[in-house]
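J.:
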Amino acid sequence: MPTILLIKGWRIFFYANEGFEPMHVHCRKGGAECKFWIDTALFGIEEAFESGLTPQLRREIRQILFDHLDQIGEAWEEYFKHDR
Numbered sequence: 003m004p005t006i007l008l009i010k011g012w013r014i015f016f017y018a019n020e021g022f023e024p025m026h027v028h029c030r031k032g033g034a035e036c037k038f039w040i041d042t043a044l045f046g047i048e049e050a051f052e053s054g055l056t057p058q059l060r061r062e063i064r065q066i067l068f069d070h071l072d073q074i075g076e077a078w079e080e081y082f083k084h085d086r
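In the numbering used here, the protein residues as written are 3 to 86.
1. From Pro-24 to Ser-53, what distance separates their C-alpha atoms?
2. For Thr-5, which residues in the same chain have their Cβ closer than 8 Å to its Cβ, ignoring the five residues on either side in sequence?
3. Rounded to whole angstroms, what's the CA-CA distance from His-70 to Asn-19? Just pull it up for me.
4. Throw me the rounded Cβ distance for the Cys-36 and Ile-74 pair, which I believe falls under 8 Å.
5. Quick check on this structure: which residue in Leu-8, Tyr-81, His-26, Gly-33 has the alpha carbon closest to the alpha carbon of Phe-45?
6. Give the DSSP-derived three-state secondary structure of Phe-68 in the structure shown.
7. Give every residue of the same chain whose Cβ lies closer than 6 Å to the Cβ of Lys-31, excluding the five residues on either side of it in the sequence, and list them in chain order.
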């Protein structure tokens, strides 16, 4: 489980065996967990799954993902470059 960021209590990561899926990240903070599809070309994120997210936590993680979109994309591409 490569971790991309640890910020504001959030752990943002992906699973090492998910390179066959489109770019995405998993996020955890306390009892909250979510997954977002990432589209760096369109500067977009789309929620794929959530459990335990309050509206405040949803806003917080979305802002973190937008603020670090380039870093997330670079980490994904670097890690999975040999799988493609």
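Here a beta-carbon is modelled for each residue, glycine too, at the ideal position from N, C-alpha and C.
T.: So, to answer that:
1. 21 Å
2. Arg-13, Ile-14, Phe-15
3. 22 Å
4. Rounded, the Cβ-Cβ distance is 14 Å, inconsistent with contact.
5. His-26
6. helix
7. Gly-11, Trp-12
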